[in-house]
Amino acid sequence: MLSVILALAIVVALLSWRSYSTQKNLLLKSSIEQVSQSGEQQAAQIEQWLADRLRIISSVATKVEGDMLNALQQAQASGDFQSTYFGNSDGKMFDSDPSIDNTDYNPLTRPWYQYAQQAGKAIITKPYLDVTSNLPVVSIAQPTRNGVVGGDVSIASLVENVNNMALPANGYAIMMHNDGTVIAYKDASKVMGQISNIDEQLNTKLVQSSIQSGKLTPAYFKTEGRDKLLWGVDIPNTDWQLAFVLDKKTLEAPLTNLMLTQLGLAALALIVSVLAISWLLSLLLGPLTRVSQALSRIADGNGDLTQRIEVDSQDEVGVLADSFNRFVSSQHGLISHIRQLATELDLDAERSLCTNQTSVEELQRQQQEVAMVATAVTEMSSATHEIAANAESTAASQQSAQSSAQGKSLVDKTRSTINSLASEIDETTMVIGELSLHAQAISSILTTIQEIAEQTNLLALNAAIEAARAGDQGRGFAVVADEVRVLSRRTQDSTAEVYTTIETLQNTTKQAVSLMDSSKGLANNSVDDVNAAAQALEEITQAVNIISDMAGQIAIAAEEQTQVTNEITQNTVAIKDVTDEITESAMTHLSQAKVLKDRAADLSDKVATFIL
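For the sequence shown, this note's numbering assigns the number 9 to the initial residue and increments by one for each residue that follows.
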């Protein structure tokens, strides 16, 4: 029943959605046709209006060489121009109103003149606001043989017509230049500004996209906070465009009401269909319901196979009931046999579980004992390895004995070297003593030289005094006496420096003699210590040789024991591995026996639910 209702609901929903989509497409098509028709009519009117003004200016261009003023005034009146004018190639300006002074006005510098000359045909300038009237104005210009004729005309009527256009869905129109400048808009403050000032979503690219696609282009206006639909159309033979903005929610409002109506009708149709189907099913399936109820009683009776369905007809339902009774009878005998087998299987599983449990316990006990033996053998092997390693280390002391012998030889060489050093120290002490004596002799000689220099200085001083007494005759002698006195002074100074050096040398020599005496004493002590070390090394060498022999014998015995222990360890590990495998297999069998016991018990429980 639920599937039938679901299928009906899906069918009704699809039909409703199809109808809604069709109505929506028709509404959008109708709106596009209405907007398109209004836009094309408005564009054609604007084109015609501008074309009429262009023809008027073009006709003036052929008459300015004659009665210029009359031609300009006729054009102004017939085309409702604010002013008409002519600028010649000499830079002179002629206006339809002769009272206007154009002396300082140079038309050659004006955009309308330059654009017309560049285009070589009639042109319409970009709209601008007139300074005097503050109304939107365009200039229409036509080049002539010797100048350009033009006129200024207000497009306020065009702007008003655009703003007053009746559009569906609260729509409004925007007339713009192809560079995005707004020419007509319901908000006059936005006129002559960029179209993006109306809303940042609006731009020339969006308008061009709508024009090229020919469809309503969706856009969201943040300034209004609403979804919009945009339609654009070019105004032929101009740089202008019309853009129509429709409110999406307002446009689709009839669709919302239509959808609600269709949903209501669909729900009503669904309810009526469900009621009709329910009545029909109850009429057709009444006997089958009775059979179903009987089957439910059997199912709810914990598998009571003694239940039977009463057969009171020979139709399809009666045949079904009779077939079910025969099926239950056959199942009664089958379940009885299965119950007997389940009981026997449960007993066998119980016995198998007990046997496996006993085997596992015995194997686990054997596994523990083998593990203990393996651990003990491993520890014994480790101890044997340690003994062998220690014995080998002790046997290695033979090398220590050799090292001791080499050390003794080096000590003997050191003793000889120290004795030689002591002898050389004695000789050095004697040499330094002789050096001290020579230094003392040099000091005596320097004392004598200093005394001679002092006497020479006194003699030179006396000679200088005598020369001074002799006057001019003794002047040369006085000069020589001064030189001698100077040399005597230098000799005294040099002698003093040498004497100081000799005293320093004597002090250093005394210190060297003292240090040599100390070094000699230390050398003698070193000789005694080296002799004692040599004797000790001799005794160590003898002891190490004895220990090395004993350790070698221990190492051989330990190595033999290690080999035997390794063989025992390998055999024990092999026994343990086999025991582990047997135990693991027994555990697997035990698990399988438990599973078998559980399944046998479960089978017995399931079969016991049947009433025989």
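Glycine included, C-beta positions come from ideal geometry on N, C-alpha and C.
Opposing strand residues paired with residue i [DSSP bridges]
| i | result |
| --- | --- |
| Lys236 | Ala227, Asp255 |
| Trp248 | His185 |
| Gln202 | Thr189 |
| Phe94 | Phe102, Val157 |
| Leu137 | Pro144 |
| Ser162 | Val145 |
Which of helix, strand or coil DSSP assigns to residue i
| i | result |
| --- | --- |
| Ser147 | strand |
| Gly479 | helix |
| Tyr180 | strand |
| Leu241 | The amino acid occupying residue 241 in the given sequence is Val; Leu does not appear at that position. DSSP places Val241 in strand when its eight states are reduced to three. |
| Ile108 | coil |
| Ile131 | strand |
| Asn465 | helix |
| Gly74 | coil |
| Arg118 | coil |
| Gln322 | coil |
| Asp195 | coil |
| Glu352 | helix |
| Gln209 | coil |
| Asn171 | helix |
| Ser55 | The sequence shown places Glu at residue 55, rather than the Ser named in the question. Three-state DSSP puts Glu55 in a helix. |
| Glu260 | coil |
| Phe335 | helix |
| Thr152 | coil |
| Thr314 | coil |
| Asp88 | coil |
| Gly529 | helix |
| Gly441 | helix |
| Gly222 | coil |
| Tyr113 | coil |
Residue of the options minimising C-alpha distance to residue i
| i | options | result |
| --- | --- | --- |
| Val581 | Ser502, Thr383, Lys614 | Thr383 |
| Thr591 | Val488, Asp247, Val492, Gln376 | Gln376 |
| Phe229 | Glu208, Thr212, Lys421, Gln220 | Glu208 |
| Ile510 | Gly529, His597, Ile450 | Ile450 |
| Gln126 | Thr512, Thr314, Thr152 | Thr152 |
| Lys223 | Ala79, Leu36, Asn427 | Leu36 |
| Ser67 | Thr596, Lys421, Thr92 | Thr92 |
| Glu387 | Val282, Asp112, Thr570 | Thr570 |
| Val170 | Ala51, Pro226, Gln84, Ala274 | Ala51 |
| Arg497 | Asp109, Asn515, Ala461 | Ala461 |
| Pro115 | Leu611, Ile40, Ser526, Ala149 | Ala149 |
| Leu259 | Pro226, Gln322, Ile554 | Pro226 |
| Thr512 | Glu547, Gln448, Thr455 | Gln448 |
| Lys256 | Thr508, Ile40, Ser522 | Ile40 |
| Arg347 | Gln463, Gly233, Leu611 | Leu611 |
| Val215 | Val199, Gly201, Gly233, Leu237 | Leu237 |
| Asp235 | Ala274, Gly179, Ala277, Ala196 | Gly179 |
| Gln42 | Ala540, Leu278, Phe252 | Phe252 |
| Val364 | Ile108, Gln81, His597, Leu14 | Sequence check: residue 364 is Asn here, not Val. That would be His597, whose Cα lies nearest to the Cα of Asn364. |
Own chain residues within Cβ distance below 7 Å of residue i, not counting five before or after
| i | result |
| --- | --- |
| Ser97 | Asn154, Gly155 |
| Ala486 | Ala472, Ala475, Ala476 |
| Gly128 | Pro151 |
| Tyr113 | Met101 |
Own chain, CB closer than 8 Å to residue i, minus 5 neighbours either side, in chain order
| i | result |
| --- | --- |
| Thr246 | Ile54, Glu55, Leu58, Ile132 |
| Ile457 | Thr499, Thr503 |
| Ser204 | Gly188, Leu210, Asn211 |
Check: residue i C-beta below 7 Å from any heavy atom of the ligand GDP
| i | result |
| --- | --- |
| Thr225 | Among the components of this structure there are no ligands whatsoever, and the ligand GDP is therefore not found. |
Same chain only: Cβ atoms within 6 Å of residue i, ignoring 5 sequence neighbours per side
| i | result |
| --- | --- |
| Ser147 | Trp120, Thr133, Gly158, Asp160 |
| Thr231 | Asp207 |
| Asp138 | Val145 |
| Gln84 | Thr92, Ser104 |
TODO: Assess, as a yes-or-no matter, whether the segment 600-617 is touched by the segment 345-363 under the definition of 3 or more beta carbon pairs within less than 8 Å.
DONE: yes
Open item on the list: Check whether the segment 80-88 and the segment 51-69 touch, using three or more Cβ-Cβ pairs below 8 Å as the test.
Closed with: yes
Open item on the list: Quick test of the definition: if touching needs 3 or more C-beta pairs under 8 Å, does the segment 229-247 touch the segment 41-57?
Closed with: yes
Open item on the list: Can you confirm whether the segment 183-200 touches the segment 155-174 when touching is taken to mean that 3 or more C-beta pairs between the two stretches lie within less than 8 Å?
Closed with: yes
Task: Touch test, the segment 457-477 against the segment 485-499, Cβ-Cβ under 8 Å, three pairs minimum - done: yes
- [ ] Could you tell me whether the segment 171-186 touches the segment 113-124, where touching means 3 or more Cβ pairs closer than 8 Å?
- [x] no
- [ ] Please confirm if the segment 267-283 is in contact with the segment 73-82, defined as three or more CB-CB distances below 8 Å between the two stretches.
- [x] no
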